[in-house]
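Participant: In the working numbering, the protein residues as written are 7 to 326.
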Ligand code: DGY
């Protein structure tokens, strides 16, 4: 009998994923489910043929330089790959894949939750109810910003951006977008393209970020760009914390320039930015965009499909 490839699962992915993985691979599972450290990744590379990390395992150039040649493929259980130094992995001859498509709807759904929660004061309302502090009502009590019919600007019209646009259209929102390249007309579906991000910002009463974290998009929403939004705009980030200058956002929240923010991603994860907690108009969630049972199974299966193809000598569909 031919030997199965050895696969390291540094995190406890879904039960269905583990069951399928165990059928086809010799699995080493980190049952403790703690993030794989640099030392663990390096040590494990001489024991396994493949790894299925999440965005919590960092393959920096320094780590990659110390990987054992036994490791052949890093099949990410994530669409984002900003935790991987891709040129370093490529130079080392290690294949890298990700899991696009399967998490677009779950992430777009969460962006809608962030938008609504931020626009309608969900944090304050929840606090009032939980602490028994709801003691009055008036027509001016907790008045928020209406989503239906408002203008939404989307930065990044990839799969998640397009899924979010479809959901925003369900609210009759006027959808504007900025993308490096304009979408083909059959994909634009009534949205308005802006050639520059500045042009998009000037019309975006709501702004939702859906682009990857790269050196070019680091602090994309800096002080100047936040200032270019209409007064009281709502910022939504379900993509990556690296896209937002958090100090600039804090200042813009303090001055009221930004009316509210809905954030699922932070510069420091886990943990987030403690300074945000003092502001009830920042609605925050702990990086759970893709966290639905169906999507987590689909992500695990997509990563396994990539591994299966690789070990069958084919090109994995999500090879980067
Ligand atoms: C992704 O897939 O990139 C999500 O952020 C979860 O890691």
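All C-beta atoms in this analysis are idealised placements derived from N, C-alpha and C, irrespective of residue type, glycine included.
According to the neighbour-count rule (16 or more other Cβ atoms, all chains shown, within 10 Å of its Cβ), is residue 8 buried or exposed?
Facilitator: Here residue 8 is taken as the residue at index 2 of the chain shown, counted from 1. It counts as exposed.
Participant: From the DSSP output, in three-state form, read off residue 227 for me.
Facilitator: Your numbering for residue 227 matches position 221 in the chain shown. Three-state result, residue 227: strand.
Participant: Measuring alpha carbon to alpha carbon, tell me which of 259, 204, 191 and 38 ends up nearest residue 17.
Facilitator: Within the chain shown, residue 17 is the residue found at index 11, counting from 1. Of the listed residues, the one whose Cα sits closest to residue 17 is 38.
Participant: When the Cβ atoms of the region 101-109 are set against those of the region 284-302, are three or more pairs found closer than 8 Å?
Facilitator: yes
Participant: For residue 263, which residues in the same chain have their Cβ closer than 7 Å to its Cβ, ignoring the five residues on either side in sequence?
Facilitator: Against the chain shown, residue 263 aligns to sequence position 257. Excluding positions up to five away in sequence, the list reads 232, 233 and 237.
Participant: Provide the residue span of the alpha helix (DSSP H) that contains residue 131, from first to last.
Facilitator: The residue labelled residue 131 in the question sits at position 125 within the chain shown. Residue 131 -> alpha helix (DSSP H) spans 128-137.
Participant: Would residue 54 and residue 12 be called neighbours here (beta carbons separated by less than 7 Å)?
Facilitator: Reading the chain shown from its first residue, position 48 is the one you call residue 54. Reading the chain shown from its first residue, position 6 is the one you call residue 12. Yes, these two residues count as a Cβ contact at 7 Å.
Participant: So is residue 222 buried or exposed if we call it buried at 16+ other beta carbons inside 10 Å?
Facilitator: Here residue 222 is taken as the residue at index 216 of the chain shown, counted from 1. Answer is exposed; the Cβ neighbour count stays below 16.
Participant: To the nearest angstrom, how far is it from the Cα of residue 249 to the Cα of residue 103?
Facilitator: Taking the first residue of the chain shown as position 1, residue 249 is located at position 243. Taking the first residue of the chain shown as position 1, residue 103 is located at position 97. Near 23 Å, if we compare the C-alpha coordinates of residue 103 and residue 249.
Participant: In this structure, does DSSP put residue 294 in helix, strand or coil?
Facilitator: Taking the chain shown and counting its residues from 1, one reaches residue 294 at position 288. Reduced to three states, the DSSP call for residue 294 is coil.
Participant: With respect to the beta strand (DSSP E) encompassing residue 264, which residues constitute its N-terminal and C-terminal limits?
Facilitator: Stepping through the chain shown from its first residue, residue 264 is reached at position 258. Run containing residue 264: 264-269, per the beta strand (DSSP E) assignment.
Participant: Give the DSSP-derived three-state secondary structure of residue 157 in the structure shown.
Facilitator: In the chain shown, the residue the question calls residue 157 occupies position 151. Residue 157 falls in the strand class under three-state DSSP.
Participant: Span of the alpha helix (DSSP H) holding residue 303?
Facilitator: Numbered from its first residue, the chain shown carries residue 303 at position 297. Start and end: 299-317.
Participant: Does the contact criterion of 3 or more C-beta pairs under 8 Å hold for the region 239-253 versus the region 269-277?
Facilitator: yes
Participant: With distances taken from each beta carbon to the nearest heavy atom of the ligand DGY, which residues come in below 6 Å, in chain order?
Facilitator: 60, 61, 84, 85, 86, 109, 295 and 296
Participant: Looking at the strands, I want to know which residues DSSP matches up with residue 279.
Facilitator: Mapped onto the chain shown, residue 279 falls at position 273. Note: residue 279 is not bridge-paired with any residue in the DSSP secondary-structure output.
Participant: Could you check where the beta strand (DSSP E) with residue 81 kicks off and where it finishes?
Facilitator: Working through the chain shown from its first residue, we reach residue 81 at position 75. Note, residue 81: beta strand (DSSP E), 79-81.
Participant: Determine the DSSP secondary structure at residue 100, reduced to helix, strand or coil.
Facilitator: By one-based count along the chain shown, residue 100 stands at place 94. Residue state, collapsed to three classes: coil.
Participant: Going by the beta-carbon positions, is the gap between residue 266 and residue 212 smaller than 7 Å?
Facilitator: In the chain shown, counting from the first residue as 1, residue 266 sits at position 260. In the chain shown, counting from the first residue as 1, residue 212 sits at position 206. No; because the gap between Cβ atoms is not below 7 Å, this pair is not in contact.
Participant: Going straight from the alpha carbon of residue 83 to that of residue 304, what length do you get?
Facilitator: Mapped onto the chain shown, residue 83 falls at position 77. Mapped onto the chain shown, residue 304 falls at position 298. The alpha-carbon atoms of residue 83 and residue 304 are separated by roughly 10 Å.
Participant: In whole angstroms, what separates the C-alpha of residue 208 from that of residue 180?
Facilitator: On the chain shown, position 202 is the one that residue 208 refers to. On the chain shown, position 174 is the one that residue 180 refers to. If you take the alpha carbons of residue 208 and residue 180, they lie about 14 Å apart.
Participant: Roughly how far, in whole angstroms, is the beta-carbon of residue 89 from the beta-carbon of residue 63, given that I think they are within contact range, below 8 Å?
Facilitator: Taking the first residue of the chain shown as position 1, residue 89 is located at position 83. Taking the first residue of the chain shown as position 1, residue 63 is located at position 57. 6 Å between Cβ atoms; contact.
Participant: Output needed for residue 313: all residues of its chain with C-beta closer than 6 Å, excluding positions within five of it in sequence on either side, in chain order.
Facilitator: Numbered from 1 along the chain shown, position 307 holds the residue referred to as residue 313. Here the set comprises 56 and 81.
Participant: Since residue 129 and residue 98 are thought to touch, with beta carbons under 8 Å apart, how far apart are those beta carbons, to the nearest angstrom?
Facilitator: Position 123 of the chain shown, counted from the start, is the residue given in the question as residue 129. Position 92 of the chain shown, counted from the start, is the residue given in the question as residue 98. Not confirmed; about 45 Å, so no contact.
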